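Residue numbers (this note's numbering): 63 to 530. C-beta: ideal position from N, C-alpha, C; glycine also. The model shown is predicted, which means the values in this text are computed figures rather than measured ones. Report on one structure; see the data block that follows.
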């Protein structure tokens with residue numbers, strides 16, 4: 063078997079690789095092959111990763127987004143972590159069937175708890191009874207977490223998501239992957255580097271901050287690739303999706319509320335979405351929204367109305383879901399796909415003074431959808447940094463403290479993903495020394511990785527020469 067390291071550089075596209083001074087550009091030009099990946103719909107973290115690691119579509123593996131509405135519990139479940147939620151064999155299952163000696167280390171790809179992979183590390187905060195959230199990670203075997211923390215310190219969770227995100231989280235993951243390789247020598251190492259995900263959602267595409275972020279993650283990739291190549295390990299660099307400029311947030315639940323579909327519960331003068339009693343509501347996930355409808359007789363009229371909303375490109379009914387391989391019980395009764403310049407918010411309140419208390423915090427589980435505004439500090443709050451310091455001091459002293467520093471302004475968001483981009487320059491990529499076709503389907507990535515591990519090398523690509 064050929065030892066292989068798959069480095070998932072989130073958001074990496076040919077558009078971001080144009081700078082000839084980048085290590086990745088030079089590495090590709092010298093000895094790599096480039097393929098454009100036709101992204102899965104939805105082009106989201108959990109769906110894309112699971113499609114890559116199973117070779118199956120969402121209709122089969124069941125990961126229809128970064129979360130879904132559990133009709134039995136009447137609860138929205140975002141960013142769950144159990145690997146048992148995936149309903150298809152994973153790449154390590156397939157590889158072990160070929161050679162039982164195969165081993166796999168998974169560092170921070172999602173659904174990474176209670177997995178049959180041999181070595182795993184994933185973010186897992188501690189939630190204290192006094193309301194504090196502390197950075198931590200979860201590993202298999204359990205002592206791997208302790209060994210990594212002894213060498214690298216605690217995983218920097220607040221550099222991984224929220225308004226404080228930095229390159230530190232990607233650097234920690236990269237260093238951890240090298241240590242896991244040294245200690246356990248896995249056949250396949252899966253590495254997730256999230257850094258570009260932050261800046262590309264926060265800033266304009268031509269922002270110098272994106273240029274700087276690309277250079278920063280390029281340095282991390284250089285270190286990883288040179289390390290693995292020195293050990294005889296074959297690197298593969300890929301991405302899950304490209305992030306494109308957006309200017310039009312669609313407040314889909316506010317629209318449904320004005321049409322009489324939402325049920326709102328008031329507590330302490332603040333509004334909560336009572337999903338189990340809603341006639342219809344949307345789970346907003348970047349450029350995708352799963353619409354769950356109580357009375358199926360409402361579907362036809364809803365579809366007609368929703369198709370007229372500016373920024374909505376498609377409304378998938380049962381036939382549409384089959385066409386895009388999203389026909390799974392977890393999917394919404396209707397699935398909305400945004401135009402490339404639009405995205406869906408989860409907001410359902412009509413008055414910001416009635417927004418729930420968690421709306422102004424980093425709270426990925428309570429919100430009825432994904433909230434990219436969590437990447438920002440509220441620009442309307444004066445002396446925001448001293449306020450945060452004061453709140454942190456209160457927390458350390460044991461006082462319950464609401465970290466309500468996140469704005470409620472969707473116009474701050476500059477980038478999104480989830481729909482299929484129009485340009486190949488905005489689509490995910492697959493780079494390897496093993497040549498494959500110029501364009502590949504998301505569902506074929508699994509087989510291309512297995513081909514590298516088991517040295518089943520096929521078709522040559524000319525896309526690299528055309529692009530460079």
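At a Cβ-Cβ threshold of 8 Å, residue 116 and residue 151 count as neighbours. At a Cβ-Cβ threshold of 8 Å, residue 514 and residue 233 do not count as neighbours. Secondary structure at residue 382: helix, using DSSP grouped into helix, strand and coil. Under the three-state reduction of DSSP, residue 433 is assigned to coil, being neither helix nor strand.
Going by beta carbons, residue 160 and residue 507 fall outside the 8 Å limit.
For the pair of segments examined, the region 489-496 was found to touch the region 70-79: the number of CB pairs separated by less than 8 Å reaches three. In the DSSP assignment, residue 347 falls within the unbroken beta strand (DSSP E) covering 342-347.
In this structure residue 483 touches residue 304 by the C-beta definition: roughly 6 Å separates them, less than 8 Å. Take residue 71, set aside five residues on each side of it, and the residues of its chain with a beta-carbon closer than 7 Å to its own are 255, 258, 279, 283, 299 and 301, in chain order. If you ignore the 5 residues before and after residue 231, its C-beta comes within less than 7 Å of the C-beta of 218, 221, 222 and 256, all in its own chain and listed in chain order. Taking residue 358 as reference, the option from 346, 332, 252 and 323 with the minimal CA-CA separation is 323. By DSSP's assignment, residue 493 forms a beta bridge with 96 and 299. Residue burial is scored here from C-beta neighbours: residue 208 has fewer than 16 other C-beta atoms within 10 angstroms and is therefore classed as exposed.
Counted as a single uninterrupted DSSP element, the alpha helix (DSSP H) harbouring residue 264 occupies residues 257-264. The C-beta distance from residue 124 to residue 147 rounds to 7 Å, short enough to fall under 8 Å. Taking 4 residues as the shortest admissible run, the region 187-244 contains the following complete alpha helix (DSSP H) segments, listed from N- to C-terminal end: 204-214.
Taken through DSSP and simplified to helix, strand or coil, residue 376 comes out as strand. Relative to residue 107, the option among 173, 91, 153 and 90 whose CA is nearest is 173.
C-alpha of residue 84 to C-alpha of residue 285: approximately 13 Å in a straight line.
Contact annotation: residue 362 and residue 419 have beta-carbon atoms that are not nearer than 8 Å. Residue nearest to residue 500 within the set 457, 66 and 94 is 94 (criterion: CA-CA distance). DSSP, read as helix, strand or coil, puts residue 481 in coil. The beta carbon of residue 267 lies closer than 6 Å to those of 307 in the same chain, with the five residues before and after it left out. If you compare the alpha carbons of 228, 330 and 398 with that of residue 274, the shortest gap goes to 228. By DSSP's assignment, residue 408 forms no beta bridge with any residue. In this structure residue 171 is buried. Its beta-carbon is surrounded by 16 or more other beta-carbon atoms within 10 angstroms. With contacts defined as CB atoms closer than 8 Å, residue 213 and residue 289 fail to qualify as a contacting pair. If you ignore the 5 residues before and after residue 512, its C-beta comes within less than 8 Å of the C-beta of 153, 156, 157, 160 and 518, all in its own chain and listed in chain order. If you ignore the 5 residues before and after residue 149, its C-beta comes within less than 8 Å of the C-beta of 122, 123 and 124, all in its own chain and listed in chain order. For residue 314, the enclosing alpha helix (DSSP H) starts and ends at 314-320. Distance from the Cα of residue 469 is smallest, within the candidate group 128, 131, 446 and 454, for 446. Here residue 315 is buried, its C-beta having at least 16 other C-beta atoms within 10 Å.
A Cβ-Cβ separation of about 7 Å places residue 352 in contact with residue 131 under the 8 Å criterion.
Spanning the alpha carbons of residue 143 and residue 185 requires a straight line of approximately 9 Å. Excluding its 5 nearest sequence neighbours in each direction, residue 386 has C-beta neighbours in its own chain below 6 Å: 103, listed in chain order. Taking C-alpha positions only, residue 243 is separated from residue 455 by approximately 39 Å.
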